[in-house]
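Asks: Taken in sequence, the protein lines are chains H and C.
If you want the numbering used here, it's the 1-based position in the first sequence plus 1.
If you want the numbering used here, it's the 1-based position in the second sequence plus 1.
Sharing a structure, written as structure tokens. Questions coming.
Protein chains: 2
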Amino acid sequence: MHFKLDTITNLEKNFRTNLINGISGGKPACLIGTKHHNGINNLAIFSNIIHIGANPALIGILFRPISDKSHTYQNIKNNLYFTLNHIDSSFIKKAHYTSAKFPENTSEFDVCELTPEFLEDFQAPFVKESRIKIGLKFVEEQHITSNDTLLVIGQIEHIFIPKEGLDEEGNVLLADLNGVSIGGLSTYYELSKIAQFPYAKIDQIPPF
Amino acid sequence: MHFKLDTITNLEKNFRTNLINGISGGKPACLIGTKHHNGINNLAIFSNIIHIGANPALIGILFRPISDKSHTYQNIKNNLYFTLNHIDSSFIKKAHYTSAKFPENTSEFDVCELTPEFLEDFQAPFVKESRIKIGLKFVEEQHITSNDTLLVIGQIEHIFIPKEGLDEEGNVLLADLNGVSIGGLSTYYELSKIAQFPYAKIDQIPPF
């Protein structure tokens with residue numbers, strides 16, 4: 002099938018939303034934990050997450066155009082601290098439903114039956130059920146002028162990961178920790194390792 | 002295991018690179034096709050790819066700090082047009098080795114034994130072996146000041162996808178097309194669908 006620019010523009014809205022959210026490929030599956038100034042622990046699922054750099058250690062998260070209902074964004078800007086918690090196959094359903102538009106005074110931890118966890122005096126809640134937990138501090142945001150979205154960048158201040166989730170070279174063993182990828186807005190995939198290759202050098206190209 | 006900010010800063014370089022590239026989760030696996038003004042078809046693997054928006058249909062790609070060896074970036078800025086081609090499990094090894102630093106006058110298509118394909122007069126090469134192919138036009142770039150990287154944003158002008166890779170609601174069936182996710186810099190994961198949920202509404206929260 003072939004979709005051209007004008008076909009895409011004229012697609013039925015839900016079809017286009019699914020197609021374009023899905024066409025960029027499998028995405029990271031994380032819950033962002035923040036604290037509202039009223040003390041409520043906020044939790045929301047995000048998949049538009051991108052590695053920005055290793056030194057300093059930076060991760061970017063894309064936010065839709067901001068409104069007064071953008072609780073996660075407002076909390077990050079107010080507090081500067083937030084957490085990124087990997088979703089694994091044991092609590093996908095709970096994680097998915099954090100995306101419902103709950104009122105500001107409702108904690109998604111409560112209604113979705115996930116457990117806030119406070120570690121190392123960090124000023125935002127981690128998710129106890131997550132096996133990979135990252136604590137970040139807001140450092141920068143970039144406004145995407147083409148569609149009024151925002152790329153929020155945080156620096157990693159804490160990483161919590163089980164010993165069996167990391168090999169001796171620092172590789173994160175996503176499949177061993179039952180990590181998942183998200184396709185589009187609604188599909189969850191389990192990961193199975195099928196290959197690993199060394200750093201590619203031009204004088205060490207193998208036969209194909 | 003717990004890594005704090007100062008521990009991360011002082012990690013051995015390769016360990017830190019692997020850890021931080023992997024900690025953001027499973028990433029999209031794509032090849033970017035561009036054309037150099039000398040006519041050479043360039044191909045390079047990228048995983049730092051992010052959905053930016055569905056209408057207009059936008060995808061972002063993160064580039065390391067630019068040098069005269071950043072052939073893909075230079076070609077995009079010179080030509081404006083580029084392609085994003087999904088890697089599937091049938092050609093992971095060839096795709097991985099496009100990351101070697103070949104000289105400018107070498108086409109990665111040739112050395113990695115992949116086939117350039119020209120469709121609809123688009124001014125950049127697609128990858129014939131890819132089952133999902135996207136043609137994009139450069140529309141915007143944002144400079145990340147924290148580490149001098151660049152987020153390049155393209156608007157989707159063409160999507161090619163097999164009929165069996167799309168359901169009637171527009172969902173992209175990544176597992177049916179043998180799509181893969183990348184962990185860190187070197188690990189490839191196969192995807193198996195394990196769940197799909199409806200759009201989450203606060204009055205339709207299921208029992209967990």
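Backbone N, C-alpha and C define an ideal beta-carbon position, used for all residues, glycine too.
On a predicted model such as this, the values are computed, not experimentally measured, just so you know.
Given 8 Å as the limit, is there contact between the region 22-36 of chain H and the region 179-194 of chain C, that is, 3 or more CB pairs closer than that?
Replies: yes
Asks: Compute the Euclidean distance between the alpha carbons of ALA45/C and SER108/C, then round it to the nearest angstrom.
Replies: 10 Å
Asks: Which value, in whole angstroms, describes the spacing of the CA atoms of VAL117/C and ILE41/C?
Replies: Before going on, a small fix: residue 117/C reads as Pro here, not Val. Between PRO117/C and ILE41/C, the C-alpha separation is close to 11 Å.
Asks: Quick check: what's the CA-CA separation for GLU141/H versus GLN156/H?
Replies: Taking C-alpha positions only, GLU141/H is separated from GLN156/H by approximately 9 Å.
Asks: Mind listing which residues of the region 159-172 of chain C have their C-beta closer than 9 Å to chain H's C-betas, in chain order?
Replies: HIS159, ILE160, PHE161, ILE162, PRO163, LYS164, GLY166, LEU167, ASP168, GLU169, GLU170, GLY171 and ASN172
Asks: Have a look at GLY219/C and ILE88/C and give me their C-alpha separation to the nearest angstrom.
Replies: Since the displayed chain C opens at 2 and closes at 209, residue 219/C lies outside it and no answer follows.
Asks: If you run the structure through DSSP and keep just helix, strand and coil, what is GLN124/H?
Replies: coil
Asks: What separation, rounded to the nearest whole angstrom, lies between the Cα atoms of ILE62/C and GLU165/H?
Replies: 31 Å
Asks: When we look at the beta-carbon of GLU191/H and count the other beta-carbons within 10 Å, is it buried (16 or more) or exposed?
Replies: buried
Asks: According to DSSP, HIS159/C sits in a beta bridge with which residue or residues?
Replies: LYS5/H and GLY136/C
Asks: Just the C-alpha distance for LEU20/H and ASN11/C, rounded to the nearest angstrom, thanks.
Replies: 43 Å
Asks: Whole angstroms are fine: how far does the CA of GLU105/H sit from the CA of ILE67/H?
Replies: Their backbone Cα atoms lie some 15 Å apart in a straight line.
Asks: Is the Cβ-Cβ distance between HIS52/H and ASN43/H less than 9 Å?
Replies: no
Asks: In terms of residue numbering, what span does the alpha helix (DSSP H) encompassing GLN75/H cover?
Replies: 72-80
Asks: Once you ignore the five residues that flank GLU121/C on each side, which residues in its own chain have a CB closer than 7 Å to its CB?
Replies: These residues qualify, in order along the chain: HIS159.
Asks: For LEU63/C, which residues in chain H fall below 9 Å Cβ to Cβ?
Replies: ILE51, HIS52, ILE53, GLY54 and GLY61
Asks: Check each candidate in LEU175/H, PHE123/H, HIS3/H and TYR98/H and name the one with the smallest Cα separation from LYS194/H.
Replies: LEU175/H
Asks: Tell me, to the nearest whole angstrom, how far the beta carbon of LEU178/C is from that of PRO163/C; I am working on the premise that it is less than 8 Å.
Replies: 7 Å
Asks: Name the chain H residues that come within less than 9 Å of LEU152/C, Cβ to Cβ?
Replies: Neighbours of LEU152/C on chain H, chain order: ILE51, ILE53, GLY61, GLN143, ILE145 and LEU152.
Asks: Rounded to whole angstroms, what's the CA-CA distance from LEU6/H to GLU169/C? Just pull it up for me.
Replies: 20 Å
Asks: Is the CB-CB distance between PHE83/C and ILE203/H below 9 Å?
Replies: no
Asks: I think ILE206/C touches ALA58/H, with their Cβ atoms under 8 Å apart; what is that distance to the nearest whole Å?
Replies: Contact flag wrong, Cβ pair sits at about 35 Å.
Asks: Find the nearest neighbour of TYR200/H within the set GLU114/C, TYR98/C, ALA125/C and GLU130/C, judged by alpha-carbon distance.
Replies: Per the C-alpha coordinates, the member of GLU114/C, TYR98/C, ALA125/C and GLU130/C positioned closest to TYR200/H is TYR98/C.
Asks: Kindly indicate which three-state DSSP category PHE16/H falls into: helix, strand or coil?
Replies: Three-state result, PHE16/H: helix.
Asks: Please report the Cβ distance between PHE47/C and ASN86/C, rounded to the nearest whole angstrom; I am assuming they are in contact, meaning their Cβ atoms lie under 8 Å.
Replies: Between the beta-carbon of PHE47/C and that of ASN86/C there is about 10 Å, and that puts the pair past the 8 Å contact cut.
Asks: Using the beta-carbon count (16 or more within 10 Å), is GLU130/H buried or exposed?
Replies: buried
Asks: Anything in the region 22-45 of chain C with a Cβ closer than 9 Å to a Cβ of chain H? List those residues in chain order, please.
Replies: ASN22, GLY23, ILE24, SER25, GLY26, GLY27, LYS28, PRO29, ALA30 and CYS31
Asks: For the beta strand (DSSP E) holding HIS52/C, just list the boundary residues, first then last.
Replies: 50-55
Asks: Using a Cβ-Cβ cut-off of 6 Å (strictly less than) and excluding sequence neighbours within five positions of PHE161/H, which residues of its own chain qualify?
Replies: LYS134
Asks: Our contact map puts GLY171/C next to PHE16/H with C-beta atoms below 8 Å; I'd like the distance itself, whole angstroms only.
Replies: 4 Å
Asks: Counting only beta-carbon atoms, is ALA125/C nearer than 9 Å to chain H?
Replies: no
Asks: Give me the Cα-Cα distance between ILE77/H and ASN39/C, rounded to the nearest whole angstrom.
Replies: 47 Å
Asks: What number of angstroms, rounded off, separates the C-alpha of GLU31/C from the C-alpha of ILE154/C?
Replies: This sequence places Cys at residue 31/C; Glu is not what is there. Here the alpha carbons of ILE154/C and CYS31/C stand approximately 15 Å from one another.
Asks: For ILE212/C, report the span of its alpha helix (DSSP H) as first-last.
Replies: Residue 212/C lies beyond the residue range present for chain C, which begins at 2 and ends at 209; the question has no answer from this structure.
Asks: Taking Cβ to Cβ, would you say PHE139/C is nearer than 9 Å to LEU81/C?
Replies: yes
Asks: So, with DSSP's three-state summary, where would you put HIS38/C?
Replies: coil
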